[in-house]
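Counting from 1, position 91 in the sequence shown corresponds to residue 652 in the working numbering; the numbering is continuous, with no gaps.
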Amino acid sequence: ISSVLRHAIIYSNQTYPHHLAGNFTPTMLMVYAPFVSVDYKANLHGFNYVSLAMYLLGIVLLSRTAGLNNTTMLLAMAALLWWFSPVRNDTVDSNVNRLQLGIIGLSLWLSQRKQYMLGAALIGMIIMFKPNMALFPVLMLTSPVSCKQWRRCGQQIGGVLLGIATSYIAPV
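Written out as structure tokens, the structure reads:
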């Protein structure tokens with residue numbers, strides 16, 4: 562897998578000379594594995610379709626979690642797809658921010674349904690996928706700590722640790 566990814570990065574760097582350089586964590590390689598073949602263009606298109614689907618899922622789930630009606634959700638989706646430049650940048654650079662938004666939406670949606678450990682486990686995995694999410698668990702804990710919901714805090718901390726542990730074990 563890694564040799565194909567190296568070739569893909571070289572091809573991508575030649576095709577898109579002004580994009581960000583590729584850096585991978587072991588969890589990211591595990592997630593990218595289904596998109597790896599000799600055909601880079603097919604891989605790129607497949608990843609972009611899945612990434613866009615996760616982005617839309619994230620918008621829908623965040624809208625549902627926030628209690629927005631369908632009209633407001635569709636307007637937000639249209640605005641974010643059309644005018645939000647990070648979406649275009651993710652498409653050009655094949656970055657993972659759209660995937661992250663989908664996971665955040667799913668995590669918060671699960672937490673709203675009192676599936677705290679599962680939602681937090683997804684966040685633990687996404688931290689190992691791309692460490693820029695490392696402070697998100699602190700944000701997740703602000704509400705239960707301020708409301709003194711210690712059981713929920715324990716479930717969320719345990720979930721994050723479970724997600725991190727799973728990310729270490731799964732690629733092996």
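By construction, the Cβ of each residue, glycine as well, lies at the ideal position given by its N, Cα and C atoms.
Going by beta carbons, Thr727 and Met694 fall outside the 9 Å limit.
In the DSSP assignment, Met615 falls within the alpha helix (DSSP H) that extends over 601 to 627. DSSP places Arg674 in the coil class of the three-state scheme, outside both helix and strand. Inter-residue distance for Gln661 and Val699 is about 17 Å (C-alpha atoms, whole angstroms). Taking a cut-off of 8 Å on C-beta distances, the stretch 637 to 645 does not touch the stretch 676 to 686, as fewer than three cross pairs fall below it. A straight-line Cα-Cα distance of about 26 Å links Asp600 and Ala731. Nearest Cα to Phe690 within the set Phe697, Val657, Leu671: Val657.
Sixteen is the threshold: since fewer than 16 other Cβ atoms of the shown chains lie within 10 Å of the Cβ of Val653, the residue is exposed. Beta-carbon to beta-carbon, Thr703 and Trp670 are separated by about 18 Å, too far to satisfy the 8 Å threshold. Following the DSSP letters along the chain, one finds Leu635 inside the alpha helix (DSSP H) bounded by residues 631 to 644. Excluding its 5 nearest sequence neighbours in each direction, Phe697 has C-beta neighbours in its own chain below 6 Å: Ile684, listed in chain order. Apart from sequence neighbours up to five positions away, the residues of its chain that approach Met638 with a beta-carbon distance below 7 Å are Leu617, Ile620, ordered along the chain.
Counting only the Cα atoms, Gly666 lies some 22 Å from Gln710. Pairing Ser612 with Ser655 gives a Cβ-Cβ distance under 9 Å. DSSP places Gln717 in the uninterrupted alpha helix (DSSP H) bounded by 711 to 730. Taken through DSSP and simplified to helix, strand or coil, Val657 comes out as coil.
Bounds of the alpha helix (DSSP H) holding Leu702 are 697 to 707.
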